[in-house]
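Asks:
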Amino acid sequence: MLNLSQNKLNDNAAKSIARLILETTKLKRLFIANNKFMAAGGVLIANALA
Amino acid sequence: MKRFLNKSKKATRIIERDNLKGKKNGHLLVYLDSINQSSLAPKMLGLLPLKSHAINTVDCHDSVINELYAKPFAEAIGSAKYVTFLNLRNTNLTDGTANAIISKIDRSVITHIDLSENPALTPAFYKYLCEFITEVGTNLQ
Numbered sequence: 016m017l018n019l020s021q022n023k024l025n026d027n028a029a030k031s032i033a034r035l036i037l038e039t040t041k042l043k044r045l046f047i048a049n050n051k052f053m054a055a056g057g058v059l060i061a062n063a064l065a
Numbered sequence: 626m627k628r629f630l631n632k633s634k635k636a637t638r639i640i641e642r643d644n645l646k647g648k649k650n651g652h653l654l655v656y657l658d659s660i661n662q663s664s665l666a667p668k669m670l671g672l673l674p675l676k677s678h679a680i681n682t683v684d685c686h687d688s689v690i691n692e693l694y695a696k697p698f699a700e701a702i703g704s705a706k707y708v709t710f711l712n713l714r715n716t717n718l719t720d721g722t723a724n725a726i727i728s729k730i731d732r733s734v735i736t737h738i739d740l741s742e743n744p745a746l747t748p749a750f751y752k753y754l755c756e757f758i759t760e761v762g763t764n765l766q
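In order, the protein sequences belong to chains L and P. My numbering puts the first residue of the first sequence at 16, with every later residue one more than the last. My numbering puts the first residue of the second sequence at 626, with every later residue one more than the last.
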């Protein structure tokens with residue numbers, strides 16, 4: 016479990032989060048609520064999850 | 626200094642360093658020694674003395690871990706080999722203090738990390754954190 020909520024994560028951080036989602040094999044729960052993602056960051060994360 | 630008084634508001638007990646013998650409390654001894662060398666007032670930061678079992682949760686949410694305390698705390702985390710849950714919520718972390726702590730975590734043991742409500746962390750730290758987590762052997766679930 017990794018909780019990064021309420022941290023002002025922006026689209027630059029979203030790149031790292033997306034890479035994490037793609038590369039991690041064991042992480043099952045990731046909390047990223049209440050951050051500062053814009054549309055581009057949201058797309059990156061959504062594509063990684065798809 | 627043989628006695629360390631926990632100066633947080635609600636704490637009333639005195640922890641005697643000499644009573645913290647054994648491997649189960651090695652992390653606390655490491656922390657207290659480092660604090661003592663730096664001439665700082667000890668803050669317990671979730672590093673509880675244990676009698677019967679090894680520590681597996683360090684919960685220091687809503688405490689302040691500044692640059693002075695980050696190194697002693699990181700050394701304690703590094704020596705606590707059974708920590709599976711590290712709660713750092715709302716601890717005023719910066720990139721430097723968070724890096725110091727995360728770098729000492731045993732990635733093969735830790736399963737939960739809570740870094741929420743630390744708005745001073747920057748994308749540079751998240752890049753480092755994500756690289757740490759994607760390393761082979763990481764057990765974060």
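C-beta atoms are modelled at their ideal positions from N, C-alpha and C, and glycine is treated no differently. Keep in mind it's a predicted model, so treat the numbers as computed, not measured.
Check the Cβ of L64 of chain L against every Cβ in chain P and list those closer than 9 Å, keeping chain order.
Replies: Simply none; closest approach about 15 Å.
Asks: Under a Cβ-count criterion, where at least 16 other Cβ atoms within 10 Å of its own Cβ denotes burial, should L59 of chain L be classed as buried or exposed?
Replies: L59 of chain L should be labelled buried.
Asks: Apart from the five residues just before and just after A5 of chain L, which ones in its own chain have a Cβ nearer than 6 Å to its Cβ?
Replies: There is no way to answer for residue 5 of chain L, as the model of chain L reaches only from 16 to 65.
Asks: Within a Cβ cutoff of 8 Å, which residues of the same chain sit near R34 of chain L, ignoring the five residues on either side of it in sequence?
Replies: Cβ neighbours of R34 of chain L beyond the five flanking positions: A63.
Asks: Do you know whose CA, among P:A666, P:G703 and P:I660, lies nearest N681 of chain P's CA?
Replies: Ranking P:A666, P:G703 and P:I660 by Cα distance to N681 of chain P puts P:G703 first.
Asks: Find the residues of chain P that neighbour M16 of chain L, judging by a C-beta separation of less than 9 Å, and give them in chain order.
Replies: Those are F710, T736, H737, I738, D739, L765 and Q766, listed as they occur along chain P.
Asks: Rounding to the nearest angstrom, what Cα-Cα distance links A55 of chain L and L657 of chain P in this structure?
Replies: Cα to Cα, A55 of chain L sits roughly 46 Å from L657 of chain P.
Asks: Could you check if H652 of chain P is buried or exposed, using at least 16 other CB atoms within 10 Å of its CB as the buried criterion?
Replies: When all chains shown are included, H652 of chain P counts as buried.
Asks: K752 of chain P versus chain L: which residues are under 9 Å apart at the beta carbon?
Replies: In chain order: N27, A28, K30, S31 and R34.
Asks: What residues of chain P sit near L68 of chain L, judged by a beta carbon separation below 9 Å?
Replies: Only positions 16 to 65 of chain L appear in this structure, which leaves residue 68 of chain L out of reach.
Asks: Determine the DSSP secondary structure at D720 of chain P, reduced to helix, strand or coil.
Replies: Reduced to three states, the DSSP call for D720 of chain P is helix.
Asks: Could you have a look at G57 of chain L and say whether DSSP puts it in helix, strand or coil?
Replies: Looking at G57 of chain L - three-state DSSP - the assignment turns out to be helix.
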